[in-house]
Structures are given as C-alpha cells and as structure tokens.
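Single-structure report; data block below.
Protein chains: 4
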Amino acid sequence: MAERMKRPLYYGMVGGGPGAFIGDVHRRAIALEPNTELVAGVFSRDHQSSLETGRDLLMDESRIYRDYEEMAAKESARDDGIDFVSIVTPNVSHFEIAETFLKAGIHVVCDKPLTTELDDAEELGRLVRDTGLLFGVTYTYTGYPVVKKARDLVASGALGSIRFVNAEYPQEWLATSAENEEGNRQASWRTDPSQSGKSNCVGDIGTHVENMVAYVTGLEIEKLSARLDSFVAGRKLDDNATIMVNYQGGATGVYWTSQVAIGTDNALRIRVFGDKGSIEFSQENPNYLTFATLDGPVQTLSRGRDDLGERGGSLVRIPAGHPEGYFEAFANIYKTFTGALRKRLNGEHLTDTDLDFPSVDDGIQGVRFVTRVLESAGKQNAWVDF
Amino acid sequence: MAERMKRPLYYGMVGGGPGAFIGDVHRRAIALEPNTELVAGVFSRDHQSSLETGRDLLMDESRIYRDYEEMAAKESARDDGIDFVSIVTPNVSHFEIAETFLKAGIHVVCDKPLTTELDDAEELGRLVRDTGLLFGVTYTYTGYPVVKKARDLVASGALGSIRFVNAEYPQEWLATSAENEEGNRQASWRTDPSQSGKSNCVGDIGTHVENMVAYVTGLEIEKLSARLDSFVAGRKLDDNATIMVNYQGGATGVYWTSQVAIGTDNALRIRVFGDKGSIEFSQENPNYLTFATLDGPVQTLSRGRDDLGERGGSLVRIPAGHPEGYFEAFANIYKTFTGALRKRLNGEHLTDTDLDFPSVDDGIQGVRFVTRVLESAGKQNAWVDF
Amino acid sequence: MAERMKRPLYYGMVGGGPGAFIGDVHRRAIALEPNTELVAGVFSRDHQSSLETGRDLLMDESRIYRDYEEMAAKESARDDGIDFVSIVTPNVSHFEIAETFLKAGIHVVCDKPLTTELDDAEELGRLVRDTGLLFGVTYTYTGYPVVKKARDLVASGALGSIRFVNAEYPQEWLATSAENEEGNRQASWRTDPSQSGKSNCVGDIGTHVENMVAYVTGLEIEKLSARLDSFVAGRKLDDNATIMVNYQGGATGVYWTSQVAIGTDNALRIRVFGDKGSIEFSQENPNYLTFATLDGPVQTLSRGRDDLGERGGSLVRIPAGHPEGYFEAFANIYKTFTGALRKRLNGEHLTDTDLDFPSVDDGIQGVRFVTRVLESAGKQNAWVDF
Amino acid sequence: MAERMKRPLYYGMVGGGPGAFIGDVHRRAIALEPNTELVAGVFSRDHQSSLETGRDLLMDESRIYRDYEEMAAKESARDDGIDFVSIVTPNVSHFEIAETFLKAGIHVVCDKPLTTELDDAEELGRLVRDTGLLFGVTYTYTGYPVVKKARDLVASGALGSIRFVNAEYPQEWLATSAENEEGNRQASWRTDPSQSGKSNCVGDIGTHVENMVAYVTGLEIEKLSARLDSFVAGRKLDDNATIMVNYQGGATGVYWTSQVAIGTDNALRIRVFGDKGSIEFSQENPNYLTFATLDGPVQTLSRGRDDLGERGGSLVRIPAGHPEGYFEAFANIYKTFTGALRKRLNGEHLTDTDLDFPSVDDGIQGVRFVTRVLESAGKQNAWVDF
C-alpha cells in the first residue's frame with residue numbers, strides 16, 4: 015500500500031445536489047475509505063441550493079462556488095486546494111467541466127458516460143496525455159473484487175481462447191413514462207436529449223456492459239450490429255437495445271440492455287465462454303463468481319473465502335459472507351484512484367496495478383460504443399466498424 | 015377425461031435402437047401414462063440390431079420389421095395394427111417416414127425438427143390436412159405444466175402488451191470435437207449435414223426456442239437477423255447462433271443458442287416482458303415460474319402449490335415439491351396426443367384443449383425458422399422476412 | 015446389468031385405489047423401467063371400487079381379488095403368479111399384509127413407515143431372514159443419483175470425519191385443519207391414529223429424514239432428544255418435530271420436520287459437515303449436489319455432467335440439464351429391487367450394489383426412530399437411548 | 015429527519031487497533047453517513063500501537079489516550095469532547111469500559127455480546143436507566159432494511175400467530191484449530207475464555223440469532239434446552255450449538271450456530287412460520303426477503319423495488335439491484351443511534367422509531383441467552399427457564 019501522506023486528500027464535487035442520485039453515491043463511497051475529504055463544491059446551478067447542500071454536509075461556505083469555472087480557478091490557486099474533482103453532473107456537461115479542471119491542473123474523476131460526443135471524449139484523452147494528470151471514470155461494476163478475479167482467470171488462460179460473450183443489463187425503472195411523473199428528476203434528465211445526449215439506455219447502462227466485457231475479457235470490438243427500441247409512447251430516446259458484437263480474433267457476443275424489463279432491478283450480468291472454461295458474474299449477487307471448466311464441476315468462488323488474487327484480494331474489507339455491495343465497489347474505484355494519486359503526489363512510480371481504475375481511454379471506448387451503436391441502429395442494424 | 019377405450023392404444027416406433035438417446039426417452043415417457051403399448055418397430059436400419067432391441071423390450075419378433083415401409087404396410091393391414099407411430103430417427107429421414115405412415119392411414123408423432131427442408135414440411139402439412147390424421151411434434155418443453163400457466167398468463171393480459179422476449183438455450187456438449195470421439199453417435203450425426211440437414215445447433219435446439227416463444231407468447235415473427243458461428247475447428251455446421259427477431263405488432267426479441275457454452279447443461283430459458291408484467295421460465299428448474307408485475311413483488315409460482323389453471327393443472331401428477339422433470343414433460347405431450355387420439359377413435363369431438371400438443375403447423379414453423387435463420391446468416395445477418 | 019429373463023416381472027398391488035396418492039406413484043415409477051407388469055391387485059377394501067381401478071388399468075378382472083389374503087393364496091398357487099407385491103396401504107395395515115405375502119413366499123415392496131409398532135417391524139425382519147425373500151421399503155429420496163454420490167463422497171473420506179448433520183423436511187399441506195375438509199383423504203388418514211399409528215409428521219416424513227441421513231452418512235444414532243408439536247387445534251397427532259441426535263462416535267445432529275411450514279413445498283434437505291468437507295442436498299433441486307472442502311471453492315455437482323460414480327451413474331437416464339425428478343427417484347428404488355429380483359430368479363449371486371435399495375432393516379430403523387422420538391417427547395425431550 | 019446541529023457529532027473509540035476486525039468495520043460504517051467524526055481513541059493497550067493507528071487515521075495525537083479511564087476523564091472535561099464512545103474491545107472488557115464512560119456522562123455504543131456476565135449486563139442496564147444516557151449495542155443484522163420489513167410484517171399480523179422459528183448461523187472459519195495459527199488474533203481471542211468469556215460460538219454468533227429472532231418476531235423465550243459441541247481437539251470453548259426454544263404463548267423454535275460448518279461463509283438465516291404466512295431472511299442475500307402466505311404464491315420482496323414501510327424504507331440509500339451489504343447494515347445501526355443522539359442533544363423528544371436500534375436491554379437479553387444456554391448444556395440439555 016502506498017506510504018500515506020500526512021494529510022487527507024482533498025476533493026471537490028461538481029453536481030450532486032438535492033435529488034441527484036449519483037453525487038450522494040460518490041460521497042459515501044469516498045467516505046468508506048479514510049482520509050479523503052470533501053472541501054469544495056458546486057452542487058447545483060442554483061447557488062442557494064448549492065449552499066444548502068454544502069451546509070447539510072457541514073462544509074465551509076466559502077468553498078461553495080457559484081460555478082465550476084470559479085471553483086477550478088480558485089481551488090487551483092490555493093495552497094490547500096483540492097487534489098481532485100469529482101464530476102457528477104448530467105452527461106452533456108461532462109466535457110466542458112472536465113476540460114476546465116484539467117486545464118486548471120486538477121486531477122479528475124468523471125462519471126460515465128465520459129461525454130456525449132466522441133470528438134469531445136477524444137479531446138479529453140489528448141488533454142490527459144498532454145497534462146499528465148490522473149483521470150478516472152466511474153464504471154462502478156469493475157470495482158467488485160470478484161470481477162478482478164474474473165479478469166485474472168481470463169488473462170491466465172483458465173478459460174482458454176474466448177469464443178462467446180453474453181452480457182445483459184436489464185432494469186425496470188423506465189417501463190412507464192416516469193419522465194412525466196412530477197419530481198422524477200432522474201427519469202426526466204435521462205430521457206431528455208438535451209441533458210443525456212443521443213442515447214438514454216445505451217449511454218446509461220449499455221456503456222457499463224461494454225466496459226465490463228472489455229475489462230474482464232480484454233477483447234476488442236471489431237464491428238457491431240445494433241437494434242434500438244423505444245417502447246414507451248412519447249419517449250425520445252432508446253429504452254432497450256440489442257447488439258451483436260464481433261471481436262477481433264473471431265470471438266462473438268451479444269449484449270442486451272433494457273430499462274423496461276419489469277421484474278428486474280439492476281441485473282447486470284456477464285457470461286464469458288472460452289474453449290476451456292467459462293465464468294459468470296451477476297452484479298446483484300456480487301460477492302460470488304461462477305467458474306466452470308470442461309473437466310470439472312461448476313465452482314462458486316466467494317469473496318473472502320476463496321483466493322481472489324492480488325488485485326481482487328486487496329479490495330476485500332471483510333470476511334466472506336459479510337456482503338460487500340455497490341458502495342464498496344464504488345469505493346474500490348476511488349480507493350485505487352486515490353491510492354495512485356497519493357503515490358503521484360509523493361513522487362512515486364505508478365504500476366499497472368496502481369492504475370487499475372477505469373481510465374480516460376476506457377471512457378473514450380464507452381463513448382465510441384454508444385456512437386457506433388447509434389450508427390448501426392440508424393442503418394437497420396447494418397454492421398458498423400468499431 | 016376421455017372415456018377410455020377398453021384396450022390399450024398400440025404404437026410402433028421407427029428409430030430408437032442402441033445408442034439412440036431420444037427413442038428411449040419416447041418409450042419411457044409414453045410408459046409414464048398407462049395404457050399405451052409398444053407393439054411394432056423398426057429400431058435400426060440393421061435388422062439384427064433392431065431384433066435385439068425388440069427382444070430387450072420383450073416384444074413379439076414378428077412385428078419387428080425390416081424397414082418402415084414394410085411396417086406401415088403390414089401394420090395398416092392388421093385389425094390390431096398400431097394406432098400411431100413414433101418417428102425418432104435422425105432429421106433427414108423424418109419426411110419420408112412420416113409421409114409413408116400418413117399415406118398408410120396411421121397417425122404420427124414425429125420428433126423435431128419436423129424435416130430438414132421447408133418444402134417437405136409444408137408437404138406434410140398438406141398431407142395431414144388431406145388425411146385428417148393426428149400429427150404431433152415432440153417439442154418437449156411446452157409440456158411442462160408451468161409453461162401452460164405462462165401461456166395462460168400472457169393470453170389473459172396479465173403481462174399487458176408484449177414488448178421484448180429474451181430466450182436462450184445454451185449447452186456444453188459440443189464444446190470439443192466430440193463428433194470425432196469413437197462411439198459418440200449423437201455428436202456424429204448431429205454435426206453431419208447428411209443426417210442432420212443444413213443446421214445443427216439451430217435445427218436441434220434453436221427450434222425449441224422458436225417453438226417455446228411462439229407457444230407462450232402467441233407472437234408471430236415478422237423478420238429476423240441471424241449470425242451463426244461454428245467455433246470448433248473442422249465442424250461443418252453451426253454450434254452457436256444469435257438471432258434478433260422482430261415480431262408482428264412491434265415487439266422485438268433476441269435468441270441465443272449454443273452447444274459450446276461450457277458450464278451449462280441444457281439451459282433453455284425464456285423471459286417475456288410486457289408493459290404490465292413479465293414471466294421467466296428456466297427448463298432446468300421446471301417446477302417453478304417467475305411472474306412479476308409493475309405494482310407488486312416478484313412471485314414464484316410452484317407446480318402443485320399454486321393454481322396453474324385448467325391446462326397446466328390437469329398435467330400435474332404429484333404435489334408441489336415432488337419434482338416432475340423432463341420425462342414427465344415429454345409424457346405430457348404424449349398424454350395430450352393419446353388423449354386426443356382416443357377421443358378421435360371413439361368418434362368424439364376434439365376441442366382446442368384436447369389438441370394442445372405441438373402440431374404439424376408448429377413443426378412447419380420450426381423448419382421455416384431454421385430456413386430463415388440460414389438465409390439471414392448467409393447474407394451477413396441481413397433482415398429476412400419470415 | 016442382469017441378464018434378462020425372457021418374460022416381464024409380474025407384480026401385484028395392495029392399496030392404491032381412487033384418491034390414493036402413493037399407489038399411483040408406485041405404478042408410474044415401475045412403468046418408467048420396461049418389463050415389469052401389474053397383473054393382480056386389491057386396490058381397495060371395497061371390491062367394486064377395486065374392480066373399477068382394475069378396469070381403468072385394463073387389467074384382467076379375475077386377478078382383482080376381494081382381499082389380500084385371497085390374493086396371496088391364489089397368486090402363490092399360480093405358475094404365472096406375481097413375482098412380488100407392492101403394499102401401498104395406510105401404515106397400520108402394512109404389517110399384516112407384508113407378513114401374509116412373505117408367508118406365501120412372495121417377495122415384497124412395502125411403503126414406509128414399515129409398520130406402526132416396533133415389535134411388528136422386528137417380526138418382519140425375522141420373517142425376511144427366515145424366508146430369504148427380498149424385501150424393499152420405498153424410502154424414495156435415496157433413489158436420486160446424486161444421493162448415491164453423496165454417500166460415496168462420505169464413504170470415500172472426502173468429508174473427513176463427520177461432525178454435524180443438519181437435516182430438515184418442512185411441508186405446508188397440514189397448516190390448516192385439512193383433515194376436516196370434505197374429501198381430503200390424505201389429510202384425514204394421516205392425522206388419524208387408527209390409520210397412521212402414533213405419529214403423523216415423524217412417521218410420514220421424519221422417517222425419511224432418518225433414512226436419508228443414515229444412508230448418506232452411515233452414522234448410527236446413539237441417543238436422541240425430541241420435542242413434538244401439534245399446532246393445529248384439534249389435531250390428534252404431531253405436525254411438527256425437532257429432534258437432537260447424538261451419533262455413535264461423537265458426531266451430533268439436529269432434525270426438523272414440519273407439515274405446517276407455510277411457503278414450503280416438500281423441502282427435504284440434508285447437510286453433512288465433516289472435518290474436511292461438507293455436502294448439501296435439497297430434494298426439490300435433486301439433479302445437483304453441493305460439495306465443499308476446506309481448501310477449495312464450493313462445487314455444484316450435476317447429475318449427468320459430473321461423474322457420479324458407479325451407483326449414481328448407472329441410474330442416470332438422460333443427459334445433464336434434462337431434469338429427472340421424483341418419479342425417476344422412485345423408479346430407481348424399483349429398478350434396483352427388480353434388478354436384484356431378476357438375478358435371484360435367475361439363480362445369480364447378489365452383490366451389495368445389487369442390494370442397494372432400502373431393506374427391511376432400514377424399515378425397522380425407521381420404526382425404531384419414530385418409537386424413540388415418541389418416548390423422548392413423552393418425557394419432556396429427555397435423552398433416550400436408540 | 016432530525017434538524018441537524020451545526021457541527022459534526024464527535025466520537026471516540028476504545029479498541030480497534032491493528033489486526034482487529036470489528037473496529038475497522040465500526041469506523042467505515044460510521045463514515046458511510048456524513049457528519050460523525052472520530053476524534054479520540056484508545057486503540058490498543060499498547061500506547062505506541064495506539065498512536066500509530068491514530069496517525070494512520072490522521073487524528074490529533076493529543077487525543078490518543080493511554081487508557082480508557084484517561085480518555086473518559088479528559089473527554090468529558092472538554093467543551094468539544096466526544097458525544098459518544100464506541101467500544102470494540104474483546105468481550106471481557108466491555109463491562110468496565112462501558113461503566114466508565116456512562117459514569118463520565120458519555121453516551122455509549124458497545125459491540126456485542128454486551129458483557130460476559132449477566133450481573134454485569136444488568137448493572138449496565140441500571141446505569142443506563144439512572145443516567146438517562148443513550149446506549150446502543152451493535153447487533154448488526156437487524157440494520158438491514160428488509161429485516162425492518164420482516165418485523166413489520168410479523169407485527170401487522172400478516173403471518174398470523176407465530177408457531178415455529180428456525181434460525182441458524184453457520185460459519186466455517188474455526189473448522190480447524192485456527193487459534194494455534196501464528197497471527198490469527200481473531201481466532202485466538204475468540205476461543206480464549208480469558209478474553210471471550212464462557213462461550214465462543216454462542217457468545218459470538220448465537221447471540222445474533224437470539225437478537226434477530228427477538229427483533230423480528232417479538233417473541234419472548236420461556237425456556238430453552240441446549241447442547242454445546244466443541245469439535246476441534248484442544249478447543250476450550252464451544253464451536254457448535256443446537257438449542258431448542260419454547261416461547262411464551264406456545265410457539266417453539268430451534269437455533270443452530272456453528273463455526274465448523276465447512277462450505278458456509280456467514281450464513282445467518284431466519285425462518286418464521288405463522289398460521290397465515292411465513293418469512294425467510296438470509297443475511298448473505300440481504301437485499302431480499304421471502305414472504306409467503308397460505309393463499310398466494312411465494313413473494314420475493316426487494317429492497318428498493320418493493321415498499322419496505324417507514325422504518326425499512328428510510329434506510330434505503332440506493333435503488334433496487336444496487337446491493338447494500340454488511341457495512342450499510344452496520345451504518346444503519348449508527349445512523350439511527352446518531353440520529354437519536356442529535357435529537358437528544360437538540361433537546362427533542364425521541365419516538366420509538368427514533369430509538370429503533372439495539373438497546374442495553376437487548377444486550378442484557380443476549381447475555382441472558384448465553385448464560386441460560388450454558389446452564390442447560392451443563393445439565394445434559396435440561397430445560398432451563400429463561
């Protein structure tokens with residue numbers, strides 16, 4: 015573990031005001047690991063609302079800013095300014111905010127999808143390379159320790175050569191026109207192109223599928239064929255998507271994501287089949303991993319009970335059977351990011367393991383995925399090169 | 015229940031000799047219900063082998079025939095000749111055998127897929143209509159009582175308007191080149207175009223998916239887009255398939271079938287999502303049905319414990335928690351078929367419920383499905399009208 | 015497999031008339047394996063009812079007898095008389111009927127519990143030894159192939175020295191006073207001491223638990239401490255039981271059986287913990303066995319997919335994922351019994367594997383168990399030597 | 015929600031140094047909710063070690079004390095002294111530490127079991143009543159939102175009159191003599207009477223079972239009959255326990271706890287059966303609750319998807335399918351405790367809902383349970399009045 019600095023890491027947040035789901039998640043996840051403190055913020059475009067959030071969090075009002083430009087300028091000028099910023103606003107504003115903080119020399123964690131336009135994502139990639147700053151994207155679900163083990167199993171050859179991937183992510187919450195319900199802020203911005211971008215379902219959860227498959231398998235998409243559905247009357251964006259994928263090297267796959275799948279909660283699931291074995295991971299049962307081989311019985315690996323290897327094992331906080339969940343997975347993304355940042359601030363070398371959090375390049379791939387899916391769907395699911 | 019004739023129903027079998035999996039299944043399934051007796055057979059092309067099977071079954075040798083033509087001719091000439099024939103040979107011979115028995119005036123149960131060519135399937139359809147004979151196709155899995163309940167739930171509107179179907183059928187057994195193993199007759203004929211026809215995976219198990227979805231939902235396919243894979247080196251036919259389906263009326267779906275999915279057994283599963291609710295059925299856990307609605311908690315319906323309605327309920331043999339399995343589902347297809355046949359022989363009217371077994375028309379749809387999948391896959395998964 | 019006789023085995027049945035659950039189960043289970051024919055019967059004390067059942071089964075009326083004494087006498091006098099009898103009457107009559115057929119020189123299969131009095135059970139044991147006849151008791155649940163594997167795993171030392179057993183068998187069906195519902199024959203005889211004996215719940219399902227544990231572990235009970243409950247107002251016999259067991263050699267265990275456990279179906283489950291590993295089997299999911307060791311991940315063994323050894327493997331009829339259920343387990347008891355009987359009739363030697371069906375001695379242990387439980391419960395759950 | 019004070023709540027900790035499992039859990043759980051800060055501590059009897067922990071936590075060294083007496087004295091004298099203390103030391107020291115802080119006027123949260131002697135526990139009860147201070151005991155598992163729902167279902171009469179409870183808590187971690195492994199601090203103190211008290215397994219996890227059943231059902235134990243096992247050679251305390259319970263009013267139950275159950279993780283499970291319905295909760299799958307009634311199908315209630323009522327609902331942080339786990343349950347105990355404490359410090363009235371955390375009285379019942387179990391086990395599981 016990195017030698018600890020003798021002070022907390024300081025961070026600021028853009029977004030995450032009243033009614034926002036994900037900002038609260040980021041704050042709690044960060045708090046699960048000691049020594050990272052929220053000291054600055056723009057929680058809302060409405061400054062009064064922002065101030066109230068700051069007060070609820072017992073923060074110093076002088077560091078609740080009117081807008082993110084002010085925050086970037088003033089925090090970068092302070093000796094005790096924030097070490098990194100967390101961006102948890104709706105998708106369309108990610109690019110400008112991230113660009114602003116990078117240009118101010120501040121490290122960034124940004125919620126996914128990275129941007130709504132591929133050009134913007136690639137521009138952020140260039141900025142990260144040019145500035146040398148750390149940049150994390152909160153693809154939560156790769157933070158589970160058993161997902162690390164899944165990746166290790168694939169990388170070790172335990173599954174042999176990968177043949178097929180079946181990944182899905184069904185939810186129920188947009189099965190009705192929730193965007194027209196009074197006060198459902200989540201539903202209204204997610205389904206509104208002016209805040210969400212050109213895609214709702216694929217942008218919000220399809221991109222998790224893409225990232226999870228890429229992380230676990232290391233496969234690169236060669237081309238894809240996608241069909242988008244918008245089942246709820248009056249909805250402007252997709253709420254269901256089926257995507258055939260061909261990977262480089264001959265493996266194939268199919269992804270399904272839905273927000274209208276009544277009876278499901280948040281059922282991200284990935285199954286990877288090789289010529290020697292397979293793994294299966296279900297996000298709703300995230301302390302276990304199923305692993306099967308040709309010659310043996312199906313095994314259930316348990317976080318805490320079974321050996322999860324170096325990366326997975328280092329993220330286990332409590333013994334087996336004491337379930338770690340979504341916040342802990344989220345915390346693991348931040349734990350790795352802040353661990354790397356402490357080392358960076360201490361002037362230490364960063365290894366691949368130190369950098370095992372979703373990067374700006376992963377973010378770019380996510381936006382590319384959404385973009386290609388939209389292209390294919392717009393051409394009657396014609397194959398589109400990735 | 016139909017007034018019983020004062021004798022057993024008599025049946026003959028074509029196929030089902032040593033090493034054949036499905037013939038034995040048919041015989042056991044028939045035996046689970048009383049009063050249907052196997053009295054004639056051609057169990058193998060090799061007459062000695064056929065005689066041995068007959069002897070093992072303690073049958074009268076004089077009714078073990080040299081070929082099916084002889085059997086059809088002689089049995090149809092006897093006063094106590096067979097009431098129906100079960101055809102359990104490899105796919106390519108189904109058509110000629112079925113045609114022969116129909117022309118001899120004998121009712122038929124035929125294993126799936128009905129034929130390997132769509133023209134042949136349609137010709138059998140005409141023959142059935144012309145002769146008025148009963149014709150069943152053993153799509154086993156619709157025989158489970160809870161599948162009847164699933165159909166009833168959809169038909170009753172409990173799911174609302176269907177939006178999306180996700181159905182899959184992964185197996186592991188052809189993950190290696192089992193067809194090259196000494197003595198693996200199943201693997202060798204299934205992967206051999208001269209016995210199996212133009213498709214292996216879709217013909218063998220994809221057609222079960224198509225039938226299950228059609229039975230449960232009543233949806234009709236408008237067009238489909240299919241990708242076939244053949245992952246095992248040297249294999250001549252498909253062993254993995256991904257199929258996007260558009261149904262008439264706007265619902266969509268995706269099917270996945272595989273014979274190389276290590277870690278799976280025989281995992282046919284169907285999920286149907288409507289705008290009011292959903293159902294899920296897993297063939298490997300066939301005594302239960304999951305049913306969810308927008309407003310309530312997810313329910314697990316149990317065969318025997320919960321009300322399965324008239325059709326499902328009538329096929330329950332034992333109380334809840336005493337698992338009924340594959341043979342019982344198979345027996346249900348035969349129970350319904352032989353029940354209808356007894357009524358027919360008694361001169362009684364047959365209701366829709368009496369005829370609730372997979373028909374020649376279902377068999378034709380199955381062959382059409384395989385045909386259309388091959389067409390689409392041959393054109394880079396272009397959409398093909400059904 | 016035993017060399018086959020050139021005729022079917024013939025059997026008769028006592029009990030199993032209209033409304034009887036278990037007689038029908040026996041008949042179907044026997045039919046799942048070829049070449050055993052029902053030719054004689056006393057299905058009911060009411061001869062007309064018995065004749066009707068015989069007619070429904072298309073049997074020869076001359077072999078539907080007025081009472082079991084007549085049947086034993088006449089069948090034992092025929093050259094083509096029954097090879098064995100199945101006794102499926104309520105508990106209290108098992109002894110006299112079994113005794114009568116044994117004295118007539120006819121092999122016996124008897125439903126469990128063997129008798130209602132321990133003296134009677136022991137008397138049957140002496141008769142079996144004296145006559146040398148085969149005697150099977152239909153403890154169904156040890157017929158599952160994976161239960162054979164569980165026994166083999168324990169016997170092989172894979173679990174090490176057994177420490178603790180937790181076994182349970184909850185049902186719901188007597189949660190209300192079902193015995194007072196018009197036409198519920200099962201409930202009325204089960205809860206009536208004059209037909210069921212001194213125990214309902216322990217006699218009916220507790221004895222399955224005792225048998226399953228004894229079969230899988232080989233442990234012998236040293237003493238037990240039992241509490242019986244009778245929760246439904248007006249019920250004369252137990253409907254819930256908790257039993258602490260001490261085994262010879264230092265292992266301990268706890269059994270729970272209930273007929274008032276709302277929400278359960280027929281949930282027999284056994285968990286065995288040794289100092290090296292454990293197994294778990296749930297009867298409602300009977301195609302799988304869970305096996306864990308200290309050093310490795312939890313494994314799920316699948317009937318058909320994984321190696322079940324000689325005994326288990328020989329009872330698998332169909333590949334993995336095609337569920338075999340309750341009838342098939344029942345059929346396995348009969349398959350082993352009739353296999354042994356054929357060998358006996360052929361004058362062949364019977365091995366331990368041939369005799370791997372529940373014996374009269376297992377039946378005696380079951381009655382002893384019920385007897386000791388009643389003794390302990392009558393003394394405020396004092397420890398009672400077994 | 016309580017009107018917030020304009021400062022964080024301050025707390026101190028006794029115990030929780032290097033190698034201690036539960037202290038770290040308390041700190042993370044507290045951090046999941048904003049605005050409670052760790053400011054003082056005695057993390058170890060070894061002051062250097064304590065200082066190091068404090069430094070790792072970036073705490074002010076002047077408030078890392080030499081012993082708890084010093085901490086109680088000095089903190090109670092400060093204007094900005096701690097609002098409450100968390101006691102996370104081995105069992106034997108709970109009493110003296112808790113007594114000291116109560117006498118210093120500081121509110122207390124204490125890990126379970128409350129004490130090792132019943133007299134001590136009752137003395138703490140008197141002190142709490144006399145001082146009027148808040149006192150919480152961290153019986154973690156009642157903190158899960160669906161457990162609140164389970165309690166509400168029972169209280170509402172949805173299960174009818176309770177008949178039977180089956181609760182169990184098996185673990186594997188002491189299946190070998192882990193206490194003799196170098197560096198296994200947990201195992202060594204848990205199995206050492208001088209640190210753990212007179213019981214290991216019942217004191218550590220049996221008391222969770224007692225608390226969970228009492229919380230969910232409201233049943234009061236009338237008498238119990240217990241058998242303790244110590245399976246690992248050389249072990250001084252129990253590692254397995256079976257306990258029959260009779261409740262006031264006629265319900266009965268059975269509890270099983272084990273630390274030698276190979277293949278299990280931390281499998282606390284409770285099933286409650288009434289005359290109208292039942293519930294089942296498994297701690298390892300803590301986002302779901304099974305609820306069944308006589309007349310309907312089995313329901314799976316999902317945290318976040320289904321209505322969990324006021325208490326349960328208020329503890330849900332994220333939507334369904336985003337698993338909340340052990341830390342979140344722990345955090346809920348603290349969230350309720352600190353919520354009540356803020357109200358108290360604000361001079362507000364505390365309602366029953368405000369006080370819905372495990373109290374000193376719950377702690378006393380836990381110690382009474384352990385005491386009675388030891389009494390009964392010492393008398394060959396004779397019934398002992400509670």
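Protein chains in written order, with my numbering: chain A, 15 to 400; chain B, 15 to 400; chain C, 15 to 400; chain D, 15 to 400. Yeah, the Cβ is synthetic: ideal placement off N, Cα and C, and Gly gets one too.
Note on the segment 164-209 of chain D: whole alpha helix (DSSP H) runs with a minimum of 4 residues are 199-204, in chain order. For D:D243, the uninterrupted beta strand (DSSP E) run begins and ends at 235-243, by DSSP.
Proximity of chain C to A:S316 at the Cβ level (cut-off 9 Å) is accounted for by P311, V312, in chain order. Taking 7 Å as the Cβ-Cβ cut-off, the segment 333-350 of chain D approaches chain A at P333, A334, G335, H336, P337, E338, G339, Y340, F341, E342, given in chain order. Counting only the Cα atoms, D:E186 lies some 38 Å from C:V374.
Sequence-distant Cβ neighbours of D:F245 in its own chain, meaning closer than 7 Å and more than five residues away, are D253, N254, V274.
Ranked by Cα distance from C:Y82, the options C:N105, C:L71, C:E113 are led by C:E113.
The continuous stretches of beta strand (DSSP E) do not include A:R41, which lies in the alpha helix (DSSP H) extending over residues 35-46. Within 10 angstroms of the beta-carbon of B:H363 lie fewer than 16 other beta-carbons, which makes it exposed.
In its chain, beyond the 5 residues on either side, E186, A189 have a beta carbon closer than 8 Å to the beta carbon of B:I276.
Of the other Cβ atoms in all chains shown, 16 or more fall within 10 Å of the Cβ of A:A228; this residue is therefore buried.
Using beta-carbon distances, B:D321 does not count as an interface residue toward chain C, since no partner is under 8 Å. Distance check between B:A118 and each of B:V142, B:V106, B:L128, B:E136 places B:V142 closest, using alpha-carbon atoms only. Taking each of C:G171, C:W203, C:E51 in turn and checking the Cα distance to C:P104, the smallest one comes out for C:W203. Exposure of C:P207 is indicated by the presence of fewer than 16 other C-beta atoms within 10 angstroms of its C-beta. Using a Cβ-Cβ cut-off of 7 Å, D:V53 is close to nothing in chain C; its nearest Cβ partner there is about 43 Å away. Judged by pairs of C-beta atoms under 8 Å, the segment 128-142 of chain D touches the segment 378-387 of chain D, as three or more such pairs exist. Setting aside the 5 residues that flank it on each side, D:E193 is surrounded in the same chain by A201, S202, R204, T205, D206, R249, each with a C-beta closer than 8 Å to its C-beta; the list follows chain order. Taking C-beta separations shorter than 6 Å and ignoring five residues to either side along the sequence, the partners of B:A334 in its chain run S316, G318, R319, following chain order. Contact annotation: the segment 163-171 of chain C does not touch the segment 28-43 of chain D, with fewer than three C-beta pairs closer than 8 Å. Taking the beta carbon of B:L71 as reference, the chain C residues within 8 Å of it are P48, N49, listed in sequence order. Relative to D:L72, the option among A:P48, A:V268, A:H222 whose CA is nearest is A:P48.
The beta carbon of B:F383 does not come within 8 Å of any beta carbon belonging to chain A, so the residue lies off that interface. Apart from sequence neighbours up to five positions away, the residues of its chain that approach C:L65 with a beta-carbon distance below 6 Å are I78, ordered along the chain.
Distance from the CA atom of C:G211 to the CA atom of C:V106, rounded to whole angstroms, is 6 Å. Counting C-beta atoms within 10 angstroms of its own C-beta, D:N360 has fewer than 16 neighbours from the protein chains shown and is therefore classed as exposed. The three-state secondary structure of B:T307, taken from DSSP, is strand.
Taking a C-beta distance under 8 Å as the contact criterion, A:P372 and A:T50 do not qualify as a contact pair. For D:M85, the enclosing alpha helix (DSSP H) has its first and last residue at 82-91. When Cβ pairs closer than 8 Å are counted between the two stretches, the segment 145-160 of chain C is seen to touch the segment 218-227 of chain C, the count reaching three or more. DSSP places C:N225 in the uninterrupted alpha helix (DSSP H) bounded by 221-231. At a cut-off of 8 Å between C-beta atoms, B:V39 counts as an interface residue with respect to chain C.
Residues of chain A with a Cβ closer than 8 Å to the Cβ of D:N280 are, in chain order, P333, A334, G335, H336.
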